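Taking it in order: structure first as structure tokens, then the write-up.
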Amino acid sequence: MLVSFQQPLNQSKTLHTMAPTLTMLLFVLHILTASVLQSASEPVLSDRRPHLTGCSSPDMMTFHCRWNVGPFQNLSDPRALRLFYFINVPPHLSSKNWSECPHYSNETPNECFFDQNHTSIWTYYNVQLRSRDETILYDEKGFFVNDIVQPDPPVSLNWMLLNVSLTGIHYDILLSWKPPPSSGVETGWMKLQYEVQHRDNSSSVWEMVDPVLSTRCSLYGLQTNINHEIRVRCKMLGGKEFGEFSKSVFIHIPSKVSRFPVVALLIFGALCLVGILMLVIISQQEKWMVILLPPVPGPKIKGIDSELLKSGKLRELTSILGGPPDLRPELYNSDPWMEFIDLDIEEQSDRVTELDTDCLMNHHLTSNCSPLSLVFRDDDSGHASCCDPDLPCDREPSPFLPLFPNLALSQETLCAATSEPSSPIQSCNSGELPSFVTDRDTLYTQVSEVRSSGKVLLLPEEQTEGEKMPSKEKEDEIVVEKEKKEFQLLVMNADHRDYTSELNAGKTSPELSTGDLTEPCKTFPSPPYESNTTSPPPIPAPVYTVVEGVDRQNSLLLSPNSAPAPHLIIPKNMPTPDGYLTANLLGSITP
Amino acid sequence: MHILLQLEKPIIQRGVWGLLLWPYILTVSMPLDCKEEPGSLTRCPSISQEKLLDRVIHHAELIYRVSEESCSLFVSNSKINLCSFTFLIISVLQDKWLLHSVLMLVQSWIEPLVYLQTTLDHYDHAPEMLVNKTKWVSEKLVSLEQGVVALIKKMLDEGTFTTTYNEQGLFQYDTLPDMLESVMRDYTLLSCFKKDAHKMETFLKLLKCRQADKYNCA
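Residue numbers (full-length UniProt numbering), protein chains in the order written: chain A, 1 to 591; chain B, 1 to 218.
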């Protein structure tokens, strides 16, 4: 027996201890080499000599020992070799009760089988291989039974396909098996550890998986179209050596042929989708263009829409141009104190009645008269401008008012005779009667006669109306006009020094014994009702002329071309608009 | 035959050992909720029987692994069986017998391991790993004894239990006069201990798989 320590040099130890260790080491090495040489020779001899190949226990309850006969043929007799064993009992180390093999197995030659009765598990066995006559000791072994356990291979190896990769090249499997029945795993007798090995048919190298304690194992990444070989073996937990391998399982999974159509289908689907998208885009090109490239808005005045102009909404347009659209110009007034003044007719008439006839008659003589401009007031005060189409524009006789002052002026000039304001009749002693028409409504009159002296005679409205009697078209109008219009003719009565109305004009007229001047006054027809009794005197047709100017005496200067015709025959057939002769009709009138 | 103490596996083996024992250390280092009363057997009412048994099994497994590694430090061709011998017939495996056997084994090995520790300390160049492992094993063996005792109390409802020990003592050191080499002695001791550790582990596993009527230890 040789016992020795092999230990590395410990630096912590002192130097003086290193020397003996070194010598010891050298001694050990020497011994080792000798033993190695000796042991090296033994295998050579054992190859020729019968030797024990090994003892193993599959279930830790029985075991067997096998030996090899060797090249010697003379030992073919099965009983040529004998196996002996003994169990060491410490107190009796020296005595060796060797027992022979309890059972030489019949199935396997050169094997000794120790059954359960002869197996003591946690016991050290010494086994010797001897010749028949026990003279030659070929081999011997010593072991504990629990150390030589080599379980049987697992059984019922099976596999299940887990999944195949999308490409179809790799696949995963789940391997399962059952422990060897002899192991007694279910009773807890042995705890086993399994090792899985697999390889391709092409290679000879086995790939090992780490040992597992369970009876399942998953293998990932196996290739299709390749034969795979899988085997399992097990070992007792804490044991030294593995048992035998199980029967191999061969797996071959062909790669799916359908993977090609899958790829083609995917490509085809993608192309179709692209084509559909293109069609949609092309068909809706305009919309897309608008969405993608919106039109640049042109220059535009803020607030003004061209559509407004087109639709003719001038109101809005002007409101926009005028100012803020939310403010109406009629409401937004710079003169808030101004109010809308309603047109009052009485006021109008009052205004006119205020006319001072004296002033009118003796305008240039008397300076007491307020200027006639007083009559002519600014009627625009308080009123909105008539330019605004929104506001109704009442028909005002104001525009016509200037006529009357002029008329008055003309009358005044005609009545050249000066008279006092109190007796303006004197001025009219010439016989001319100024006619004042004060009426709310407009009153149209005609120039009945133009004297050579330049005096213009006016026709009263009845006369004009009377001439129009034959025209039926004007009958209604005449009636209407009669009804509508009231007028008062203020006739100056020189004698009476009083204002007389027209009604009395006819009566008073004969009293006037003035000359030519009175004549025109006489031409004033009798009042309408009087005209019924008496036939109207033939009235000369009115003569139209053109006023050229006003002379120094404020008398109208008429154009001499127009000969004062006594009367004008108006063709009766011709319709005269309101009794006026238009330019068209003028040519047809023959004096 | 010669025994060589192989110390060729330095750091790597230590790391491997640490990794292997790590899950076990966690479970084993946690003390049992048993208050040790001197002179009397302990009671562990707070832990369940199954849990206690599992813990005991873990202890035994770990002890066996450590002893196996300790034995692997030796390289020996010795063919002498120096261990105690208990010829047991496996067919007779009852709970009571199993527990008693385990307890007996545990108790029989406490003292020899203490002796081993002392002898290793006497060496000048004793390998450190061996010393540590031996120390560790002896400590765990004591706790294993406690657990087995508690288990016996729970499972067998036995009271005080007197140890019948040492009739089959491990080996009588004085009966080995020709063992001049203490290393030989150490190796033998450790190998025998390893064998018994395996025995204990197996007994306990058998006990466990018996508890559930269905053998679900596969």
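Here a beta-carbon is modelled for each residue, glycine too, at the ideal position from N, C-alpha and C.
Bear in mind that the values here come from a model prediction, so they are computed numbers and not experimental data.
Starting from the beta carbon of R65 of chain B, find every residue of chain A whose beta carbon is closer than 8 angstroms, and list them in chain order.
Along the second sequence, read from residue 1 onward, the residue named residue 65 of chain B stands at position 65. Result: G238.
Whose Cβ in chain A lies nearer than 9 angstroms to the Cβ of D196 of chain B?
Taking the second sequence and counting its residues from 1, the one referred to as residue 196 of chain B is at position 196. Correct list: W122.
Residues of chain A with a CB under 8 angstroms from the CB of K51 of chain B: which are they?
Reading the second sequence from its first residue, position 51 is the one you call residue 51 of chain B. Residues of chain A passing the Cβ test: none, with the nearest at roughly 17 angstroms.
Interface residues of chain C around T21 of chain A at Cβ under 7 angstroms?
No chain C is part of this structure, whose protein chains are labelled A and B.
Consult DSSP for L409 of chain A and reduce its assignment to one of helix, strand or coil.
The count along the first sequence starts at 1 and reaches residue 409 of chain A at position 409. Low confidence applies to L409 of chain A: its pLDDT is 43, below 50, so where it sits in the model is not reliable, and the reading given next is rough at best. Reduced to three states, the DSSP call for L409 of chain A is helix.
Note down, in chain order, each residue of its chain lying with its Cβ closer than 7 angstroms to the Cβ of D59 of chain A, except the 5 sequence neighbours on either side.
Here residue 59 of chain A is taken as the residue at index 59 of the first sequence, counted from 1. Cβ neighbours of D59 of chain A beyond the five flanking positions: S182, S183, G184.
Hey, is S106 of chain A's beta-carbon within less than 7 angstroms of any beta-carbon in chain B?
Start at 1 with the first residue of the first sequence, and residue 106 of chain A comes out as number 106. Checking the sequence, you will find Asn at residue 106 of chain A rather than Ser. No, N106 of chain A does not count as interfacial toward chain B.
How big is the Cα-Cα spacing for R552 of chain A and S453 of chain A?
What you label residue 552 of chain A is simply residue 552 of the first sequence in a count that begins at 1. What you label residue 453 of chain A is simply residue 453 of the first sequence in a count that begins at 1. Going by the C-alpha atoms only, they are around 14 angstroms apart.
What's the gap between the Cα of V114 of chain B and the Cα of S182 of chain B?
Taking the second sequence and counting its residues from 1, the one referred to as residue 114 of chain B is at position 114. Taking the second sequence and counting its residues from 1, the one referred to as residue 182 of chain B is at position 182. Answer to the nearest angstrom: the Cα atoms are 15 angstroms apart.
Terminal residues of the beta strand (DSSP E) in which V149 of chain A lies:
Your numbering for residue 149 of chain A matches position 149 in the first sequence. Note, V149 of chain A: premise wrong, no beta strand (DSSP E); not H, not E.
Of the listed residues A:L557, A:L292, A:S203, nearest to I226 of chain A (C-alpha basis):
One-based indexing of the first sequence puts residue 226 of chain A at position 226. When only C-alpha atoms are compared, the closest one is A:S203.
Span of the beta strand (DSSP E), counted from its first residue to its last, around M155 of chain B:
Translated into the one-based positions of the second sequence, residue 155 of chain B becomes position 155. Unbroken run through M155 of chain B is the alpha helix (DSSP H), 128-156; no beta strand (DSSP E).
Whole angstroms are fine: how far does the CA of S214 of chain A sit from the CA of C192 of chain B?
As a first step, residue 192 of chain B must be located in the second sequence, where it is residue number 192. As a first step, residue 214 of chain A must be located in the first sequence, where it is residue number 214. If you take the alpha carbons of C192 of chain B and S214 of chain A, they lie about 30 angstroms apart.
For chain A, find out if any of its Cβ atoms is closer than 7 angstroms to the Cβ of E167 of chain B; answer yes or no.
As a position in the second sequence, residue 167 of chain B is number 167, starting the count at 1. In this prediction, E167 of chain B scores a pLDDT of 43, lower than 50, which makes its location untrustworthy; no coordinate-derived value is stated.
On the CB-based measure, 16 or more other CB atoms within 10 Å of its CB, does R132 of chain A come out buried or exposed?
Position 132 of the first sequence, counted from the first residue, corresponds to residue 132 of chain A. Exposed, because fewer than 16 other Cβ atoms sit within 10 Å of the Cβ of R132 of chain A.
If you draw a straight line from the alpha carbon of H122 of chain B to that of E111 of chain B, how long is it in whole angstroms?
As a first step, residue 122 of chain B is located in the second sequence; it is residue number 122 there, counting from the start. As a first step, residue 111 of chain B is located in the second sequence; it is residue number 111 there, counting from the start. For H122 of chain B and E111 of chain B, the distance between alpha carbons rounds to 17 angstroms.
Is there a C-beta anywhere in chain B that falls below 7 angstroms from the one on N146 of chain A?
Your numbering for residue 146 of chain A matches position 146 in the first sequence. Answer yes: the Cβ-Cβ gap between N146 of chain A and chain B drops below 7 angstroms somewhere.
How would you label E139 of chain B, buried or exposed, when you count the other beta carbons within 10 angstroms and need 16 or more for buried?
Here the question's residue 139 of chain B lines up with position 139 in the second sequence. Exposed, since its Cβ has fewer than 16 Cβ neighbours within 10 Å.
Alpha carbons only, please: which of A:E229, A:R49, A:F86, A:E111 is nearest the one belonging to S246 of chain A?
Here residue 246 of chain A refers to the residue found at position 246 of the first sequence. If we check each option's Cα against that of S246 of chain A, A:E229 comes out closest.
Quick check on S120 of chain A: buried or exposed, where buried means 16 or more other Cβ atoms within 10 Å of its Cβ?
Sequence index remark: in the first sequence, residue 120 of chain A carries index 120 (1-based). Answer is buried; the Cβ neighbour count reaches 16.
List the endpoints of the continuous alpha helix (DSSP H) containing I57 of chain B.
By one-based count along the second sequence, residue 57 of chain B stands at place 57. Start and end: 49-72.
Return the first residue and the last residue of the alpha helix (DSSP H) that F242 of chain A is part of.
Here residue 242 of chain A refers to the residue found at position 242 when the first sequence is read from its first residue. Run containing F242 of chain A: none; DSSP gives neither H nor E here.
Contact belief for N106 of chain A with V69 of chain A at Cβ below 8 angstroms, rounded distance in angstroms
Here residue 106 of chain A corresponds to residue number 106 of the first sequence, with the count starting at 1. Here residue 69 of chain A corresponds to residue number 69 of the first sequence, with the count starting at 1. Wrong, their Cβ atoms sit about 17 angstroms apart, outside the cutoff.
Pull up the distance between the alpha-carbon of D124 of chain B and that of T135 of chain A, whole angstroms please.
Here residue 124 of chain B is taken as the residue at index 124 of the second sequence, counted from 1. Here residue 135 of chain A is taken as the residue at index 135 of the first sequence, counted from 1. In a straight line, the C-alpha of D124 of chain B is about 45 angstroms away from that of T135 of chain A.
Can you look up H228 of chain A in the DSSP assignment and give me helix, strand or coil?
Taking the first residue of the first sequence as position 1, residue 228 of chain A is located at position 228. Looking at H228 of chain A - three-state DSSP - the assignment turns out to be strand.
If the criterion is Cβ atoms closer than 7 angstroms, does the pair D152 of chain A and G243 of chain A meet it?
Within the first sequence, numbered from 1, the residue matching residue 152 of chain A stands at position 152. Within the first sequence, numbered from 1, the residue matching residue 243 of chain A stands at position 243. Cβ atoms of D152 of chain A and G243 of chain A: closer than 7 angstroms.
Bridge partners of H170 of chain A, per DSSP?
As a first step, residue 170 of chain A must be located in the first sequence, where it is residue number 170. Partner(s): A:Q223.
At what residues does the beta strand (DSSP E) containing C65 of chain A begin and finish?
Taking the first sequence and counting its residues from 1, one reaches residue 65 of chain A at position 65. It spans 63-68 - the beta strand (DSSP E) in which C65 of chain A sits, taken as one unbroken run.
Since W177 of chain A meets chain B, which of its residues come closer than 9 angstroms, beta carbon to beta carbon?
Mapped onto the first sequence, residue 177 of chain A falls at position 177. Under the 9 angstroms cutoff, chain B gives no residues; its nearest Cβ is about 12 angstroms from W177 of chain A.
Pull up the distance between the alpha-carbon of residue 592 of chain A and that of H170 of chain A, whole angstroms please.
Residue numbering for chain A in the displayed model covers 1 to 591; residue 592 of chain A lies beyond these limits and cannot be assessed.
Mind checking whether D196 of chain B and L98 of chain B have CB atoms under 7 angstroms apart?
Indexing the second sequence from 1 puts residue 196 of chain B at position 196. Indexing the second sequence from 1 puts residue 98 of chain B at position 98. Their beta carbons are not under 7 angstroms apart, which means D196 of chain B does not touch L98 of chain B by this criterion.
Rounded straight-line distance, which links the Cα of I282 of chain A to that of I291 of chain A:
Counting from one through the first sequence, the residue named residue 291 of chain A turns up at place 291. Counting from one through the first sequence, the residue named residue 282 of chain A turns up at place 282. Going from the Cα of I291 of chain A to the Cα of I282 of chain A covers about 13 angstroms.
So, for Q172 of chain B: in the same chain, excluding its five sequence neighbours on each side, which residues have a beta-carbon less than 8 angstroms away from its beta-carbon?
Start at 1 with the first residue of the second sequence, and residue 172 of chain B comes out as number 172. For Q172 of chain B, the pLDDT reaches just 49, beneath the cut-off of 50, and the residue's location in the model is therefore unreliable, although a value from the coordinates is still provided. For Q172 of chain B, where only same-chain residues beyond five positions count, there are no Cβ hits under 8 angstroms.
Option nearest L174 of chain A by Cα separation, candidates A:Y124, A:L222, A:L293, A:K235:
Within the first sequence, numbered from 1, the residue matching residue 174 of chain A stands at position 174. The option with the nearest alpha carbon to L174 of chain A is A:L222.
Euclidean distance between Cα positions of P50 of chain A and N126 of chain A:
Locating residue 50 of chain A in the first sequence gives position 50, where the first residue counts as 1. Locating residue 126 of chain A in the first sequence gives position 126, where the first residue counts as 1. So the two alpha carbons sit approximately 17 angstroms from each other.
Examine chain A for any beta-carbon lying closer than 7 angstroms to the beta-carbon of C209 of chain B, and answer yes or no.
If you number the second sequence from 1, residue 209 of chain B lands on position 209. At least one chain A Cβ lies under 7 angstroms of C209 of chain B.
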